[in-house]
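Quick mapping for you: the protein sequence lines, in order, are chains S and U.
Just so we're aligned, residue 1 is where the first sequence starts under our numbering, counting upward by one.
Just so we're aligned, residue 1 is where the second sequence starts under our numbering, counting upward by one.
By construction, the Cβ of each residue, glycine as well, lies at the ideal position given by its N, Cα and C atoms.
Since the model is a prediction, treat every value here as computed from it, not as a measurement.
Only one structure is covered here, and it is reproduced in the block below.
2 protein chains.
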Amino acid sequence: MTAGRTRRTGRAVSMADVARLAGVSAQTVSRVSTGHPGVVESTRRQVLAAMQELGYRPNSAARALKLGEFRTIGVILFTLATTGNSRTVEAIAGYAAKEGYAITLIPVAVPTQDGVLGAFTRLGELAVDGVIVIMEVHLLDAANLTLPPGVQVVVVDSDAGDRYPVVDTDQADGARQAVQHLLDLGHETVWHVTGPAESFAAERRTQAWRRTLLEAGRPVPPVHRGDWSADSGYRAGLALAAEPRCTAVFAANDQMALGVLRALHEHGRAVPGDVSIVGFDDIPDSSSYLPPLTTVHQDFAEVGRRCVQGLLRQIRDEPDGPGTVLVPTRLVRRASTAPPPSN
Amino acid sequence: MTAGRTRRTGRAVSMADVARLAGVSAQTVSRVSTGHPGVVESTRRQVLAAMQELGYRPNSAARALKLGEFRTIGVILFTLATTGNSRTVEAIAGYAAKEGYAITLIPVAVPTQDGVLGAFTRLGELAVDGVIVIMEVHLLDAANLTLPPGVQVVVVDSDAGDRYPVVDTDQADGARQAVQHLLDLGHETVWHVTGPAESFAAERRTQAWRRTLLEAGRPVPPVHRGDWSADSGYRAGLALAAEPRCTAVFAANDQMALGVLRALHEHGRAVPGDVSIVGFDDIPDSSSYLPPLTTVHQDFAEVGRRCVQGLLRQIRDEPDGPGTVLVPTRLVRRASTAPPPSN
DNA sequence: GCGCGCTATGTTTGCGCTAACATCGAGGCC
DNA sequence: GGCCTCGATGTTAGCGCAAACATAGCGCGC
Numbered sequence: 001m002t003a004g005r006t007r008r009t010g011r012a013v014s015m016a017d018v019a020r021l022a023g024v025s026a027q028t029v030s031r032v033s034t035g036h037p038g039v040v041e042s043t044r045r046q047v048l049a050a051m052q053e054l055g056y057r058p059n060s061a062a063r064a065l066k067l068g069e070f071r072t073i074g075v076i077l078f079t080l081a082t083t084g085n086s087r088t089v090e091a092i093a094g095y096a097a098k099e100g101y102a103i104t105l106i107p108v109a110v111p112t113q114d115g116v117l118g119a120f121t122r123l124g125e126l127a128v129d130g131v132i133v134i135m136e137v138h139l140l141d142a143a144n145l146t147l148p149p150g151v152q153v154v155v156v157d158s159d160a161g162d163r164y165p166v167v168d169t170d171q172a173d174g175a176r177q178a179v180q181h182l183l184d185l186g187h188e189t190v191w192h193v194t195g196p197a198e199s200f201a202a203e204r205r206t207q208a209w210r211r212t213l214l215e216a217g218r219p220v221p222p223v224h225r226g227d228w229s230a231d232s233g234y235r236a237g238l239a240l241a242a243e244p245r246c247t248a249v250f251a252a253n254d255q256m257a258l259g260v261l262r263a264l265h266e267h268g269r270a271v272p273g274d275v276s277i278v279g280f281d282d283i284p285d286s287s288s289y290l291p292p293l294t295t296v297h298q299d300f301a302e303v304g305r306r307c308v309q310g311l312l313r314q315i316r317d318e319p320d321g322p323g324t325v326l327v328p329t330r331l332v333r334r335a336s337t338a339p340p341p342s343n
Numbered sequence: 001m002t003a004g005r006t007r008r009t010g011r012a013v014s015m016a017d018v019a020r021l022a023g024v025s026a027q028t029v030s031r032v033s034t035g036h037p038g039v040v041e042s043t044r045r046q047v048l049a050a051m052q053e054l055g056y057r058p059n060s061a062a063r064a065l066k067l068g069e070f071r072t073i074g075v076i077l078f079t080l081a082t083t084g085n086s087r088t089v090e091a092i093a094g095y096a097a098k099e100g101y102a103i104t105l106i107p108v109a110v111p112t113q114d115g116v117l118g119a120f121t122r123l124g125e126l127a128v129d130g131v132i133v134i135m136e137v138h139l140l141d142a143a144n145l146t147l148p149p150g151v152q153v154v155v156v157d158s159d160a161g162d163r164y165p166v167v168d169t170d171q172a173d174g175a176r177q178a179v180q181h182l183l184d185l186g187h188e189t190v191w192h193v194t195g196p197a198e199s200f201a202a203e204r205r206t207q208a209w210r211r212t213l214l215e216a217g218r219p220v221p222p223v224h225r226g227d228w229s230a231d232s233g234y235r236a237g238l239a240l241a242a243e244p245r246c247t248a249v250f251a252a253n254d255q256m257a258l259g260v261l262r263a264l265h266e267h268g269r270a271v272p273g274d275v276s277i278v279g280f281d282d283i284p285d286s287s288s289y290l291p292p293l294t295t296v297h298q299d300f301a302e303v304g305r306r307c308v309q310g311l312l313r314q315i316r317d318e319p320d321g322p323g324t325v326l327v328p329t330r331l332v333r334r335a336s337t338a339p340p341p342s343n
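Put into structure tokens, the structure is as follows:
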């Protein structure tokens, strides 16, 4: 049947129907359906023809009930609105599909403990074999969650390495590369716009920024805090623009870097002539900023792949890999960084 | 049990176990579990306590098998990388959760007919009651798809209104507003950067742009084609910058507008002094572009809500709403538009 | 005081599938 | 030629749940 509006047709076609039409037993239909060997070619073809004719569609609930596994992975997250999350989820979905697993999205309604609790409660009733949690794990802890038994977990973007397997971008090294790049260019020190306080990713980028400065014996300027949005970057940028000694800025993500760019521009500070800026994420747009942004590239696809890999290993009860997987980052040099003005 | 690394524990807890511990029948456990009335308070409490103690988790496969419905909605899409898609999916997930439905993501591996075919084949084996298709429907048609019987469909962003219910942003009116705004500002005509040829959204924005110009008796400049990316916008912008008579541009999305902005800037054409630009989508970043972008706001949350609503109506066999739901758009005026230079 | 109706709970059944076991027939080996 | 093997297919059973039906106990009206 070609795609067209279909109406509910009472009872769905079952194996028994196919078996009857093909003149075989239901078990043989099952064998064909699951690709088991030991079905002679002529029989197989008959069964396939009967399936085709009736529009047979295996009932995955029955299969799951019998087999005791759902072949589905749940993904719990706060939002798809950030580039990192949506990219990671997309990669997870792709790799999971390749392994024959479906993805169920479990959004947290509100980013509070109650919201997280609600998501985990729903999870308990969901048909999943494992979960990938994309969120700050301290919220997860704080909510004192009950994880349904038999459900495996992998966490992204947190520091729960001692209790759950964790997959994450190498935040610290990325930040170090960003700061070192600015220092190498000749800047005396580097100012910093960080992300929200509850973000481990932000925290680690900030730690690495501070450590890199300290190790180089440079002064550590006060931190400006944003919330990942371009608007918050703009507000931080306003403060930075009023700071004559500021010649280099490391923003914890590209969007905030965009806001800083705008603030500096509006206050007549040229980038990179007067001030250099480095972002984090390498979102596609960042190469079209004014000027194109030097930033730290994150490999979200790899993060997604490693998540699925780690989770499936647990589900299949294979020996665990390392507690924490760090996906490397790399600095992408574009036009927003240059040596400091030589006044 | 507090969240912690759990190991597979053989067989999961079933209703029978709970019933045994609580000293009641499995049916009573079922009644408590599904919130049916007719269970006396003391019994209910006993059952609840037993559930708690054993960590009972209803087996949704068994429930689905018994009830013949999965309470799950599939979402088929090409990518989560575009703002519109990820926002829409997020809204869908939220509203679906509110209605007690989970959502399963079915990514199309490669944006070809084979890819779409693969996704629909997987769909056939998936435990879903309905599908929301977020893609250009002509690809859907071309692939000559088999839609599993009993699966309901709602389509986003296409013109299949005659065969499937469709929910979409009012592309045409948004584009009209954008063009009219520029005309009202005094521009002689408006140039246009469109999206990929296979996109209905792009096609309709372009049609509305052309119609609005024609109705106002203005010349229709040649169309520049992009692929939604900022880079493609930049390339179009390069051409536009070389066009001295161009004083107003309508880009089919914000990212391409960003690219145009960069190209014009690099060629010394001031925005909005020399050239005005309007985008489409109102992504959060657009308010931090240089200058902040005038753009057409899309209400993705509403699109998601209407999708879920429409699909559930079909699943529940309620009378269909209108074939096509159009979610209104509105122009957001920021700093990238102004009257043309008065030379 | 007897039966009627009503409520709380129990029992039976089967949803569709597949693992495990059963059967059946063809061919090989002595 | 009888028996054994092995490959192809059939039969049985049960996964966990909830609808439908069964039962039991209680209060109430007359």
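Please state whether DSSP places residue i in a helix, a strand or coil.
i: S:L264; result: helix
i: S:D168; result: strand
i: U:E126; result: Here residue 126 of chain U turns out to be Leu, not Glu, going by the sequence shown. Reduced to three states, the DSSP call for U:L126 is coil.
i: U:R5; result: Because U:R5 carries a pLDDT of 34, less than 50, the predicted location of this residue cannot be relied on, and the following value inherits that uncertainty. Of the three classes helix, strand and coil, the one that applies to U:R5 here is coil, per DSSP.
i: S:L105; result: strand
i: S:R87; result: helix
i: U:L290; result: coil
i: S:I315; result: helix
i: S:D282; result: coil
i: U:V116; result: helix
i: S:R31; result: helix
i: S:V24; result: coil
i: S:S42; result: helix
i: U:T295; result: strand
i: S:R330; result: strand
i: U:T324; result: strand
Counting only Cβ pairs nearer than 9 Å, list the residues of chain S close to residue i.
i: U:L117; result: Result: empty, since nearest Cβ-Cβ is about 11 Å, beyond 9 Å.
i: U:A64; result: N59, S60, A61, A62, A64, L65, A127
i: U:D184; result: Those within 9 Å of U:D184 in chain S number zero; the least Cβ separation is about 27 Å.
i: U:G94; result: P107, A109
Counting only Cβ pairs nearer than 9 Å, list the residues of chain U close to residue i.
i: S:A81; result: T83, S86, R87, E90, P284
i: S:T104; result: T72, A102, I103, T104, L105
i: S:R205; result: None at all; the shortest Cβ gap to chain U is about 20 Å.
Would you check if the distance between the CB atom of residue i and the CB atom of residue j is smaller than 7 Å?
i: S:V325; j: S:R305; result: no
i: U:L311; j: U:V166; result: no
i: U:T72; j: U:V151; result: no
i: S:A263; j: S:A241; result: yes
i: U:Q432; j: U:R205; result: This structure leaves residue 432 of chain U out entirely; chain U is present only between 1 and 343.
i: S:D282; j: S:V327; result: no
i: S:R45; j: S:V39; result: no
i: S:T194; j: S:A202; result: yes
i: S:A19; j: S:A26; result: yes
i: S:M15; j: S:V29; result: yes
i: S:G174; j: S:T329; result: yes
i: S:F300; j: S:R87; result: yes
i: U:D184; j: U:D168; result: no
Determine the chain U residues that contact residue i at a beta-carbon separation under 7 Å, and present them in chain order.
i: S:Q255; result: D285
i: S:V262; result: Checking the displayed sequence, the identity of residue 262 of chain S turns out to be Arg instead of Val. Going along chain U in sequence order, the residues near S:R262 (Cβ under 7 Å) are S288, L290.
Note down, in chain order, every chain U residue with its Cβ under 8 Å from the Cβ of residue i.
i: S:L258; result: D285, S288, Y289
i: S:D231; result: P284, S287, S288
Name the chain S residues that come within less than 8 Å of residue i, Cβ to Cβ?
i: U:A97; result: I106, P107, A109, R122
Going along chain S, which residues have a C-beta under 7 Å from residue i?
i: U:H224; result: Within chain S, no residue comes near U:H224; the closest Cβ sits about 16 Å away, beyond 7 Å.
i: U:H265; result: L290
Heavy atom of the ligand ZN less than 6 Å from the Cβ of residue i, yes or no?
i: U:L21; result: Ligands displayed in this structure: none; no statement on the ligand ZN is therefore possible.
With contact counted as at least three CB pairs below 8 Å, one residue from each stretch, are the stretch 64–84 of chain S and the stretch 105–112 of chain S in contact? yes
The stretch 218–236 of chain U / the stretch 189–206 of chain U touching (three or more Cβ pairs under 8 Å): yes
Counting pairs of beta carbons, one from the stretch 253–265 of chain U and one from the stretch 227–243 of chain U, are three or more of them closer than 8 Å? yes
I'd like the ranges of any alpha helix (DSSP H) spanning at least 4 consecutive residues and lying wholly in the stretch 181–242 of chain S. 200–215, 230–241
Extract the residue ranges of the alpha helix (DSSP H) inside the stretch 47–85 of chain U, only unbroken runs of 4 or more that lie entirely within it. 60–67
On the three-pair Cβ rule with 8 Å, is the stretch 89–97 of chain U touching the stretch 93–103 of chain S? no
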